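A.B. asks: Just passing along the structure, written as structure tokens.
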């Protein structure tokens with residue numbers, strides 16, 4: 001069995017490429033996308049349709065409802081399930097998507113055993129300052145306004161009495177996919193901008209607004225996934241703060257900002273990867289599979 005990851009910014013063509021490669025390499029696909037995992041979030045997530053998926057088995061799509069939490073630990077379990085299926089059925093595994101944090105966790109591992117749902121009983125700033133005074137080396141790696149990571153560090157301290165540095169020394173991370181081969185799709189900025197604009201326009205024409213109205217009525221705006229790009233801007237439109245033209249423009253702008261963050265993360269975190277334009281990357285991947 002061979003396993004690879006296909007990464008790249010949003011709207012880079014990862015899904016189409018993965019489907020093409022999977023059809024030629026006897027592969028199943030694990031979606032590396034923190035929004036595609038949710039049922040009923042179809043248009044705004046740009047998940048492949050059932051017709052597009054065809055006979056290719058997918059994990060990580062339509063796994064839970066929007067009011068159910070899904071985090072990196074859940075993704076790790078999903079990876080184990082997908083890999084077990086691939087091994088039992090003599091399939092290859094293609095991991096594809098833009099949630100780089102999940103992929104990083106697969107490669108580096110996670111230190112488990114901490115209750116991730118613990119919430120701050122002090123402000124983020126106070127928690128950061130407290131932890132900084134106890135563990136300057138670790139906290140220097142975290143931005144002061146990064147609530148998610150500050151909460152994680154604070155949870156470690158509250159539950160174990162150890163600073164994050166000491167905790168990770170005593171509980172080393174266990175990689176699940178240490179030697180994963182990674183392929184990255186590259187686009188020139190202006191070309192990607194056109195692709196993002198086109199995809200946003202297609203989403204709106206395909207019923208994005210109606211989808212968000214339905215999701216809000218059924219699940220409210222409370223679930224974490226309801227703060228995703230494409231959803232929050234549509235809420236602004238529904239609240240009368242944006243015109244339809246402004247909605248389309250703002251989604252495109254925020255999507256491009258996300259693409260920039262994704263590219264920066266991929267560049268800094270995944271050093272041993274093969275990066276190429278999409279047509280050439282197709283050939284690179286097929287060569288890796290000896291096709």
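Residue numbers (UniProt numbering): 1 to 291.
C-beta: ideal position from N, C-alpha, C; glycine also.
Quick caveat: nothing in here was measured; it's all calculated off a predicted structure.
#1: According to DSSP, is residue 246 part of a helix, a strand, or is it coil?
#2: Is it right to say residue 167 is buried, meaning 16 or more other beta carbons lie within 10 angstroms of its own, or is it exposed?
#3: Could you say if the segment 98 to 106 and the segment 257 to 266 meet the contact criterion of at least three C-beta pairs nearer than 8 Å?
#4: Could you tell me the boundaries of the beta strand (DSSP E) in which residue 94 lies?
#5: If you draw a straight line from the alpha carbon of residue 278 to that of residue 20, how long is it in whole angstroms?
#6: Would you say residue 6 and residue 270 are within 8 Å of each other, going by their C-beta atoms?
#7: Could you say which of 39, 69, 43 lies nearest to residue 59 if we only look at CA atoms?
#8: Kindly provide the ranges of any alpha helix (DSSP H) runs that are 4 or more residues long and lie completely inside the segment 49 to 137, ordered along the chain.
#9: Anyone know if the C-beta pair for residue 226 and residue 215 falls short of 8 Å?
#10: Please confirm whether residue 78 and residue 30 have their CB atoms less than 8 Å apart.
#11: Three Cβ pairs or more, each shorter than 8 Å: is that satisfied between the segment 152 to 163 and the segment 177 to 197?
#12: Could you check which residue in 4, 11, 141 has the C-alpha nearest to that of residue 191?
#13: According to DSSP, is residue 266 part of a helix, a strand, or is it coil?
#14: Can at least three beta-carbon pairs, one atom from the segment 193 to 204 and one from the segment 252 to 260, be found at a separation below 8 Å?
#15: Between the C-alpha atoms of residue 202 and residue 238, what's the straight-line distance to the nearest angstrom?
#16: Do residue 56 and residue 285 come within 8 Å of each other at the CB atom, strictly closer than that value?
#17: Near residue 142, which residues of its chain fall below 6 Å by C-beta distance, leaving aside the five closest residues on each side in sequence?
#18: Among all the DSSP beta bridges, which residues are the ones paired with residue 183?
#19: If you draw a straight line from the alpha carbon of residue 172 to that of residue 291, how long is it in whole angstroms?
#20: Answer yes or no: do residue 228 and residue 64 have a C-beta to C-beta separation smaller than 8 Å?
#21: Name the one or two DSSP bridge partners that residue 174 has.
C.D. replies: Let me lay it out:
#1: Counting from 1 along the chain shown, the entry for residue 246 is found at position 246. Three-state DSSP puts residue 246 in a helix.
#2: Here residue 167 is taken as the residue at index 167 of the chain shown, counted from 1. Classification for residue 167: buried.
#3: yes
#4: Working through the chain shown from its first residue, we reach residue 94 at position 94. Per DSSP, residue 94 belongs to the beta strand (DSSP E) from 92 to 96.
#5: For the purposes of this step, residue 278 is identified with residue 278 of the chain shown, where counting begins at 1. For the purposes of this step, residue 20 is identified with residue 20 of the chain shown, where counting begins at 1. Each residue's alpha carbon lies about 12 Å from the other.
#6: Taking the first residue of the chain shown as 1, we reach residue 6 at position 6. Taking the first residue of the chain shown as 1, we reach residue 270 at position 270. Not a contact, by the Cβ cut-off of 8 Å.
#7: Taking the first residue of the chain shown as position 1, residue 59 is located at position 59. Of 39, 69, 43, the residue nearest in Cα terms is 39.
#8: 50 to 53, 72 to 88, 100 to 108, 124 to 134
#9: On the chain shown, position 226 is the one that residue 226 refers to. On the chain shown, position 215 is the one that residue 215 refers to. Going by C-beta atoms, residue 226 is nearer than 8 Å to residue 215.
#10: Your numbering for residue 78 matches position 78 in the chain shown. Your numbering for residue 30 matches position 30 in the chain shown. A contact, by the Cβ cut-off of 8 Å.
#11: no
#12: Counting from 1 along the chain shown, the entry for residue 191 is found at position 191. The residue with the shortest Cα to Cα distance from residue 191 is 11.
#13: Position 266 of the chain shown, counted from the first residue, corresponds to residue 266. Helix, per DSSP.
#14: yes
#15: Position 202 of the chain shown, counted from the first residue, corresponds to residue 202. Position 238 of the chain shown, counted from the first residue, corresponds to residue 238. Near 19 Å, if we compare the C-alpha coordinates of residue 238 and residue 202.
#16: Your numbering for residue 285 matches position 285 in the chain shown. Your numbering for residue 56 matches position 56 in the chain shown. Their beta carbons are not under 8 Å apart, which means residue 285 does not touch residue 56 by this criterion.
#17: As a working note, residue 142 is residue 142 in the chain shown. So the qualifying residues of the chain are 149.
#18: For the purposes of this step, residue 183 is identified with residue 183 of the chain shown, where counting begins at 1. Answer is 6, 274, bridged to residue 183.
#19: Counting from one through the chain shown, the residue named residue 172 turns up at place 172. Counting from one through the chain shown, the residue named residue 291 turns up at place 291. Cα to Cα, residue 172 sits roughly 38 Å from residue 291.
#20: The sequence position of residue 228 within the chain shown is 228, counting from 1. The sequence position of residue 64 within the chain shown is 64, counting from 1. Taking 8 Å as the Cβ cut-off, residue 228 and residue 64 do not qualify as a contacting pair.
#21: As a first step, residue 174 is located in the chain shown; it is residue number 174 there, counting from the start. Residue 174 pairs with 110.
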